[in-house]
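Sequences listed follow chains F and V, in order.
With the working numbering applied, the first sequence closes on residue 156, and no number is skipped along the way.
With the working numbering applied, the second sequence closes on residue 312, and no number is skipped along the way.
Down below is the structure, laid out as structure tokens.
2 protein chains.
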Amino acid sequence: MDGPPVKIVSIYITGFYVKKALNRAAKEILVSAGLRRTGGRVEILEVLQQAKMPLNQEEIQAQLDRDLNRTTVYRTLESFIQAGLVHRCFVRERAWHYELAHNCRPLQCHPHFTCTNCDRTLCLKDVFLPLVKDIPDGFIIQRQQVRIEGLCPNCS
Amino acid sequence: MDGPPVKIVSIYITGFYVKKALNRAAKEILVSAGLRRTGGRVEILEVLQQAKMPLNQEEIQAQLDRDLNRTTVYRTLESFIQAGLVHRCFVRERAWHYELAHNCRPLQCHPHFTCTNCDRTLCLKDVFLPLVKDIPDGFIIQRQQVRIEGLCPNCS
DNA sequence: CGCAAAATGCAAATATGTTGCAAAAAGAAT
DNA sequence: ATTCTTTTTGCAACATATTTGCATTTTGCG
């Protein structure tokens, strides 16, 4: 063996600094959102920051270093929603999925794509859809969500 | 009293014939979808045909004349989905909601609007959103769903 | 009418959240 | 740092929505 050890160390160091940076950001975010900075909240926020797709409670919990109670995870996510940090969104599964509310246009986030074959959901961050235009008088739009089903590049 | 009685009879007769027509249609629909024509299926299909918004299992069951088991309702709806007659859609509530798959454009149904104040969901049948265009290569779209939250005319 | 396949009912299991309450931790004041 | 108040957390129980296995009934067909 010659290369592997170095590479592993490098990955470790990178991971370490990335994690540090995220950690600092997460703490600041919590404070500016008026939420108490608890270990659990910081970790959940970090998981969401690193997520590439909306996650449900179980998936979030599985990615935590510490053991957090199911209830706590749900309550934390709810507090994030209230603070405007996080959105709930719909995917193919029954469980609620959560994702950071950044990267959203004024009244809508990016669309989500769920593959009907492999069941994976991913974010179409660069795909843009206009807001509905011909909505009847009297309706006030607060949020528009778009979900697309089909075959992903892997499965098509 | 002079007018009312007539009006009531008229409504009754209309309702009766409408129901008859729907019933006949429902049977034909089942046969052509390759599904056995059972009483329960016909009734559930009729409920969906008359629905003005997506309904969940409980709401569907409440509108049936006969007593159908919860399980049967779910299984019937699943068979309708498989046959392409029905779509599942997401509303604000946690339960699945179902609606007929007619009135859909090739790859998308009408958007659904849920009022964040009164929590009612309604179909925006005449509202049109174009299909996403700039979706990356390799994705095959099978269905696009749009959900809008905001205030309905009653609540705004 | 009789038969095979499919649909239904029922009870139990599962998945997903939520609530009430007591214990622990956070942040502010001292 | 210590104390005090408020918020957060864990735990157990509850609630809701849906699914599964299996025995029974019904449907469509010859």
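For each residue, glycine too, the CB sits at the ideal point set by N, CA and C.
Q144 (chain F) CB to nearest chain V CB: under 7 Å? Indexing the first sequence from 1 puts residue 144 (chain F) at position 144. Yes, contact with chain V.
Please say whether L151 (chain F) and C115 (chain F) have beta carbons closer to each other than 7 Å? Here residue 115 (chain F) refers to the residue found at position 115 when the first sequence is read from its first residue. Here residue 151 (chain F) refers to the residue found at position 151 when the first sequence is read from its first residue. Yes, Cβ-Cβ distance for C115 (chain F) and L151 (chain F) is below 7 Å.
So, under 8 Å CB-CB, L30 (chain F) and R37 (chain F) are touching, yes? Tell me the CB distance rounded to an integer number of Å. Taking the first residue of the first sequence as 1, we reach residue 30 (chain F) at position 30. Taking the first residue of the first sequence as 1, we reach residue 37 (chain F) at position 37. Yes, L30 (chain F) and R37 (chain F) are in contact; Cβ-Cβ is about 5 Å, under 8 Å.
With which residues is T277 (chain V) paired in a DSSP beta bridge? Here residue 277 (chain V) refers to the residue found at position 121 when the second sequence is read from its first residue. DSSP lists V:T270 as partners of T277 (chain V).
Can you check whether the C-beta of F80 (chain F) is within less than 7 Å of a C-beta belonging to chain V? In the first sequence, counting from the first residue as 1, residue 80 (chain F) sits at position 80. For F80 (chain F), the answer is no, since every Cβ of chain V falls outside 7 Å of its Cβ.
Since T272 (chain V) meets chain F, which of its residues come closer than 7 Å, beta carbon to beta carbon? The residue you call residue 272 (chain V) lines up with position 116 of the second sequence. Simply Q142.
Exposure of C104 (chain F), with buried meaning 16 or more beta-carbon neighbours within 10 Å: One-based indexing of the first sequence puts residue 104 (chain F) at position 104. Its Cβ having fewer than 16 others within 10 Å, C104 (chain F) is exposed.
Using a cut-off of 8 Å between C-beta atoms, extract the partners of G150 (chain F) located in chain V. One-based indexing of the first sequence puts residue 150 (chain F) at position 150. F295, I296, I297, Q298, R299, listed in chain order.
Name the DSSP bridge partner or partners of Q264 (chain V)? Counting from 1 along the second sequence, the entry for residue 264 (chain V) is found at position 108. In DSSP, Q264 (chain V) forms a bridge with V:R261, V:Q300.
Could you work out which residues of chain V lie near L124 (chain F), taking near to mean beta carbons separated by less than 7 Å? Here the question's residue 124 (chain F) lines up with position 124 in the first sequence. Per Cβ cutoff of 7 Å: I291.
Closer than 9 Å by beta-carbon distance: list the chain V residues that pair up with R120 (chain F), in chain order. Your numbering for residue 120 (chain F) matches position 120 in the first sequence. Here the premise fails: no neighbours, minimum Cβ distance about 12 Å.
Quick check on G40 (chain F): does DSSP put it in helix, strand or coil? Within the first sequence, numbered from 1, the residue matching residue 40 (chain F) stands at position 40. Helix at G40 (chain F).
With 7 Å set as the bound, which would you pick, yes or no: does the beta-carbon of R147 (chain F) sit closer than that to a beta-carbon of chain V? Here residue 147 (chain F) is taken as the residue at index 147 of the first sequence, counted from 1. Answer yes: the Cβ-Cβ gap between R147 (chain F) and chain V drops below 7 Å somewhere.
Sorted by chain position, which residues of the same chain lie with C-beta nearer than 6 Å to E199 (chain V)'s C-beta, five sequence neighbours on each side aside? Counted from its first residue, the second sequence places residue 199 (chain V) at position 43. Here the set comprises L220.
Measure how close the beta-carbons of R75 (chain F) and G39 (chain F) come, nearest whole angstrom, since I'm counting them as under 8 Å. Numbered from its first residue, the first sequence carries residue 75 (chain F) at position 75. Numbered from its first residue, the first sequence carries residue 39 (chain F) at position 39. That belief does not hold up - the Cβ atoms of R75 (chain F) and G39 (chain F) are roughly 14 Å apart, past 8 Å.
Three-state secondary structure (DSSP) at L48 (chain F)? In the first sequence, the residue the question calls residue 48 (chain F) occupies position 48. Helix, per DSSP.
Evaluate F246 (chain V) with the Cβ neighbour count: other Cβ atoms within 10 Å of its Cβ, from every protein chain shown; 16 or more gives buried, anything less gives exposed. On the second sequence, position 90 is the one that residue 246 (chain V) refers to. Buried: at least 16 other Cβ atoms inside 10 Å.
Do K281 (chain V) and H266 (chain V) have their beta-carbon atoms positioned less than 7 Å apart in this structure? What you label residue 266 (chain V) is simply residue 110 of the second sequence in a count that begins at 1. What you label residue 281 (chain V) is simply residue 125 of the second sequence in a count that begins at 1. Taking 7 Å as the Cβ cut-off, H266 (chain V) and K281 (chain V) qualify as a contacting pair.
Spatially closest choice to E255 (chain V) from V:C274, V:E234, V:N273, V:P262, by CA coordinates: Locating residue 255 (chain V) in the second sequence gives position 99, counting from the first residue. Closest option to E255 (chain V), Cα to Cα, is V:E234.
Is the distance from the Cβ of E46 (chain F) to the Cβ of A26 (chain F) below 7 Å? Within the first sequence, residue 46 (chain F) is the residue found at index 46, counting from 1. Within the first sequence, residue 26 (chain F) is the residue found at index 26, counting from 1. Taking 7 Å as the Cβ cut-off, E46 (chain F) and A26 (chain F) qualify as a contacting pair.
Is T277 (chain V) buried or exposed, if buried means 16 or more other CB atoms sit within 10 Å of its CB? On the second sequence, position 121 is the one that residue 277 (chain V) refers to. It counts as buried.
Quick one, are the C-beta atoms of A83 (chain F) and L35 (chain F) less than 7 Å apart? Position 83 of the first sequence, counted from the first residue, corresponds to residue 83 (chain F). Position 35 of the first sequence, counted from the first residue, corresponds to residue 35 (chain F). Yes, Cβ-Cβ distance for A83 (chain F) and L35 (chain F) is below 7 Å.
Min CB distance V127 (chain F) to chain V below 7 Å: Walking along the first sequence from the start, residue 127 (chain F) turns up at place 127. Output row for V127 (chain F): interface = yes.
Do V288 (chain V) and L129 (chain F) count as a contact pair if the criterion is CB distance below 7 Å? Locating residue 129 (chain F) in the first sequence gives position 129, where the first residue counts as 1. Locating residue 288 (chain V) in the second sequence gives position 132, where the first residue counts as 1. Yes, these two residues count as a Cβ contact at 7 Å.
Beta carbons nearer than 7 Å to chain V: which residues of the segment 78-102 of chain F have them? F90
Under 8 Å from the C-beta of V229 (chain V): neighbouring residues of chain F: Reading the second sequence from its first residue, position 73 is the one you call residue 229 (chain V). Residues of chain F passing the Cβ test: none, with the nearest at roughly 17 Å.
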